[in-house]
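S.K.:
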Amino acid sequence: MAYLPNIIFAMLLVAGVWFFSKNVKKIYRNIQLGKAVDTAGHTPQRWNNMFRIALGQTKMVVRPIPGILHIIVYVGFIIINLEVLEIILDGLLGTHRIFSFLGGFYSFLIGSFEILAFLVIVAVALFWVRRNILKLRRFLNPEMAGWPKKDGNLILYIEFILMLFFLTMNAADYQLQQMDVAHYTKAGAFPVSQFLSPLFQGMSISGIIAIERTAWWLHITGILFFLNYLYYSKHLHILLAFPNTYFGKIGPKGKFDNLDAVTKEVRLMMDPGVDPYAAPDGDAAIEKFGASDVMDLDRVQLLNAYTCTECGRCTSECPANITGKKLSPRKIMMDTRDRLEEVGRNIDANKGKFVPDGKQLLGDYITAEELWACTTCNACVEACPVSIDPLSIIMDMRQYLVMEQSAAPSDLNNMMGNIENNGAPWPFNQMDRLNWSKEP
Ligand code: SF4
Ligand code: SF4
3 MAYLPNIIFA MLLVAGVWFF SKNVKKIYRN IQLGKAVDTA GHTPQRWNNM FRIALGQTKM
63 VVRPIPGILH IIVYVGFIII NLEVLEIILD GLLGTHRIFS FLGGFYSFLI GSFEILAFLV
123 IVAVALFWVR RNILKLRRFL NPEMAGWPKK DGNLILYIEF ILMLFFLTMN AADYQLQQMD
183 VAHYTKAGAF PVSQFLSPLF QGMSISGIIA IERTAWWLHI TGILFFLNYL YYSKHLHILL
243 AFPNTYFGKI GPKGKFDNLD AVTKEVRLMM DPGVDPYAAP DGDAAIEKFG ASDVMDLDRV
303 QLLNAYTCTE CGRCTSECPA NITGKKLSPR KIMMDTRDRL EEVGRNIDAN KGKFVPDGKQ
363 LLGDYITAEE LWACTTCNAC VEACPVSIDP LSIIMDMRQY LVMEQSAAPS DLNNMMGNIE
423 NNGAPWPFNQ MDRLNWSKEP
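With the sequence shown counted from 1, adding 2 to any position gets you this note's numbering.
1. For the candidate residues Gly18, Asp300, Leu198, Met405, whose alpha-carbon lies nearest to that of Met171?
2. To test your reading of the DSSP string, which unbroken alpha helix (DSSP H) runs of 4 or more residues are found completely within the segment 47 to 97?
3. Among Asn415, Leu164, Asp300, Gly106, which residue has its Cα nearest to the Cα of Val126?
4. How do the segment 344 to 359 and the segment 26 to 36 stand: do at least 3 beta-carbon pairs fall below 8 Å, yes or no?
5. Which whole-angstrom value is the C-beta distance of Leu364 and Cys382, which I expect to be below 8 Å?
6. Hey, would you say Phe120 sits closer than 9 Å to Leu84, going by beta carbons?
7. Give a single yes or no on whether Asn431 has its beta carbon closer than 8 Å to a heavy atom of ligand 1.
8. By the DSSP assignment, the alpha helix (DSSP H) with Asp340 in it spans what residues?
9. Cβ of Ile380 within 8 Å of any heavy atom in ligand 2?
10. Whole angstroms are fine: how far does the CA of Gly113 sit from the CA of Leu104?
11. Assuming the contact rule is C-beta atoms closer than 8 Å, Gly190 and Ser109 should be a hit. Round their C-beta distance to whole Å, please.
12. Measure the alpha-carbon distance for Gln445 versus Thr97 and round it to whole angstroms.
13. Considering just the uninterrupted stretch of the alpha helix (DSSP H) at Asn25, what are its terminal residues?
14. Within the present structure, is the beta-carbon of Val388 separated from the nearest heavy atom of ligand 2 by less than 8 Å?
15. How about Ala410: is its Cβ closer than 8 Å to a heavy atom in ligand 2?
16. With a threshold of 6 Å on Cβ separation, who are the neighbours of Trp130 within its own chain once the five nearest residues in sequence on each side are excluded?
17. Alpha helix (DSSP H) containing Phe168: first to last residue?
18. Judging by CA-CA distance, which residue of Thr45, His221, Arg133 is the nearest neighbour of Ile252?
19. Check whether the segment 227 to 235 touches the segment 9 to 22, counting contact only when three or more Cβ pairs, one atom from each stretch, lie closer than 8 Å.
20. Excluding sequence positions up to five away, which residues of its chain have a Cβ less than 8 Å from the Cβ of Asp300?
21. Evaluate contact between the segment 298 to 318 and the segment 328 to 342, counting only Cβ atoms and requiring at least three cross-stretch pairs below 8 Å.
22. Leaving out five residues before and five after Phe101 in sequence, what residues of the same chain have Cβ atoms less than 6 Å from its Cβ?
23. Does the beta-carbon of Thr309, which I'm using as the reference point, lie nearer than 8 Å to any heavy atom of ligand 2?
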């Protein structure tokens, strides 16, 4: 029976990690549904982007107040979780503060964790006020109603509670250390929780131990729960921001990629040596132009969708959204993820095979009105703190509308017809191009 807590802890740990790895596999499988994309080369630049943008948070501080608060939460979360290593070892081996032999360095670590935990609590409270009291416009867009709003708040509550458990555990531990209770050897520095420990004065030793153990169990259970919650939440970005910034677009900003098939066709048209009546290559697969569903997007675009933090910085910079159009680049990313998840569930339910469900990203999630509202200004891509490119999805879906459905707005269709027939956007014959010079 003495080993019961260790066995329960080991089972909890295995279950938590197992569920998490199951969901990681699903994310990977879903991303693989996209088209392969060539991300070879530019390796130093890619690493640099990842360290600068994901680890260094350089794009977050463009807006200093939320940027600094976010860095506190981020650093706090990463560093305090170093302490999880000790909790895991203690839980498995039945020890208490196994790293306490590090002496002064251990005290420095625990002290730093406590200060960070306190700062995280303050930052999380301010984030909550921004979301719920100050009601910033970008948190009020229609796509944020329902689950996205709840998710944003839930993350803040979980982080707040986790830090509170951590400080309660330390405060009770500190009190037990002061009382020279066996097993609670004097170790660590408690610059924050020492101010909570007077709350336990006058309590029995068994009562304080019960509080310390309860906070310890709830803290580690909460961490394992949070790990598994990530899959269902926008908080997935704490992991995916790294690969996303690594595989992010390299090259001139706002540059559009030409479709290979179209480029080939134009070259053939321009090459006088080519026989225009030659039979087409019968083996060549008929290529679909543009994207109408998530399987037509590439893998980096799908990774983008999973990485979106729903911060709305893109939407708050989008001229179309600011001027009241229906388009929100954040919604483009949220819709892409929702549809991808739907496709993933379809595959799970049909033994690994996607069964057409009569739905697609275009129309069922993203409307043509949203797509045509885009000015292609690239502001959303510039604003994104984790290198997401909503514009590329918009352009791929527009390509589908134009090239597969001839469904461009009439003004655009006229212009494209004129370019095709007259070599210019205007409805005049090429022979008349210089007529203006003859006008009196
Ligand atoms: S590129 Fe389009 S979606 Fe992005 S900010 Fe500009 S108008 Fe908005
Ligand atoms: S695309 Fe980028 S800027 Fe826009 S909501 Fe997602 S993470 Fe934020």
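By construction, the Cβ of each residue, glycine as well, lies at the ideal position given by its N, Cα and C atoms. Keep in mind that this is a model prediction, so the values were computed, not measured.
M.R.: So, to answer that:
1. The alpha carbon of Met171 has as its nearest neighbour, out of Gly18, Asp300, Leu198, Met405, the alpha carbon of Leu198.
2. 66 to 82, 84 to 95
3. Leu164
4. yes
5. Rounded, the Cβ-Cβ distance is 19 Å, inconsistent with contact.
6. In this structure, Leu84 does not lie closer than 9 Å to Phe120 by Cβ.
7. no
8. 331 to 351
9. Here residue 380 turns out to be Asn, not Ile, going by the sequence shown. Flag unset: Cβ of Asn380 not near ligand 2.
10. 13 Å
11. 6 Å
12. Nothing in the structure corresponds to residue 445, since the chain is present only between 3 and 442.
13. 6 to 33
14. At least one heavy atom of ligand 2 is nearer than 8 Å to the Cβ of Val388, so yes.
15. no
16. Leu158
17. 149 to 180
18. Taking only the C-alpha atoms, the option nearest Ile252 is Thr45.
19. yes
20. Gly36, Lys37, Ala38, Val39
21. Using a Cβ-Cβ distance cut-off of 8 Å, the segment 298 to 318 and the segment 328 to 342 are in contact, since at least three pairs of beta carbons, one from each stretch, lie closer than that value.
22. For Phe101, where only same-chain residues beyond five positions count, the Cβ hits under 6 Å are Glu88, Tyr108.
23. Yes; taking the cut-off as 8 Å, the Cβ of Thr309 has a heavy atom of ligand 2 nearer than that.
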